[in-house]
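Here's the structure we're looking at; comments come further down.
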């Protein structure tokens, strides 16, 4: 239901938070593409572009800018530390894989390779809400990214089809540094993941969609259009 409502225009236009998230991802990509860039350079770029990110003025906008600067600090610290662990293969890499009748297209924020030759997925998050440690292990987005590795979705960038795992990197939490949630390699789960993807794909191709209450409802961007939520409202007549 969430997928259907989002695809049908159930969300509002881009918010400042969404534009900021896109900007932080762009800065993260530039750090790899232009190795000479410093933290000061990124912050200067952010300040110069701020009026485009947030056209508002006053203390609220200033507070948002300060939070964005803090995200840059956390990203640079993470980036510097991570270079000691793995080598970066590429950033903002697109992939396409087929699983039965389903076709999955996407892009990963960062693809890295360890000393053992296994590929590792990094996904940056700029929202303040983070998943818990256990939920990260079954995060479907990251499972799909790992499956893309094993199915040769990044063959143009690297020959390895061995996945070393994945991690969600939260830059907007209240912790001093980035909050990291790890997902172990999907060894032994590949066929199970493929089956689940095919079930989901069949559901997405159906002519009707069912809403269900779950723990993610509080953060759902289409909550006000959901027929089973008390704050849902009519979206068409």
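In the working numbering, the protein residues as written are 4 to 240. Beta carbons are placed, not taken as given, at the ideal position from N, Cα and C, and that holds for glycine.
Cβ-Cβ distances below 8 angstroms link residue 31 to 78, 82, 94, 112, 113 and 127 in the same chain, with the five nearest sequence neighbours on each side left out; the list follows chain order.
The three-state secondary structure of residue 126, taken from DSSP, is strand. The alpha carbon of residue 36 has as its nearest neighbour, out of 121, 74, 92 and 88, the alpha carbon of 92. Nearest to residue 160 by C-alpha distance, out of 104, 24, 90 and 49, is 90. For the set 192, 155 and 142, the Cα lying nearest the Cα of residue 171 is the one of 142.
The beta-carbon separation of residue 104 and residue 204, rounded to 6 angstroms, stays under the 8 angstroms limit for a contact. In terms of CA proximity to residue 27, 130 leads the group 84, 98, 119 and 130. By the CB criterion at 9 angstroms, residue 122 and residue 152 fall inside the cutoff.
Scanning 87, 52 and 185 for the CA closest to the CA of residue 71 turns up 52. For residue 190 and residue 97, the gap between their C-alpha atoms comes out near 23 angstroms. Residue pairing by DSSP places residue 139 in no beta bridge whatsoever. Distance from the Cα of residue 48 is smallest, within the candidate group 63, 68, 61 and 163, for 68.
Under the three-state reduction of DSSP output, residue 89 falls in the coil class, being neither helix nor strand. Contact check for residue 175 against residue 74 passes: the beta carbons are separated by less than 9 angstroms. Beyond the five residues adjoining it in sequence on each side, residue 64 comes within less than 6 angstroms, by CB distance, of 57 in the same chain, given in chain order.
CA-to-CA, the gap between residue 198 and residue 187 works out to about 19 angstroms.
Positions of the beta strand (DSSP E) runs, each at least 3 residues long and wholly inside the region 31 to 67, cannot be given because no such run exists. By the 16-neighbour rule on beta-carbons within 10 angstroms, residue 158 is exposed.
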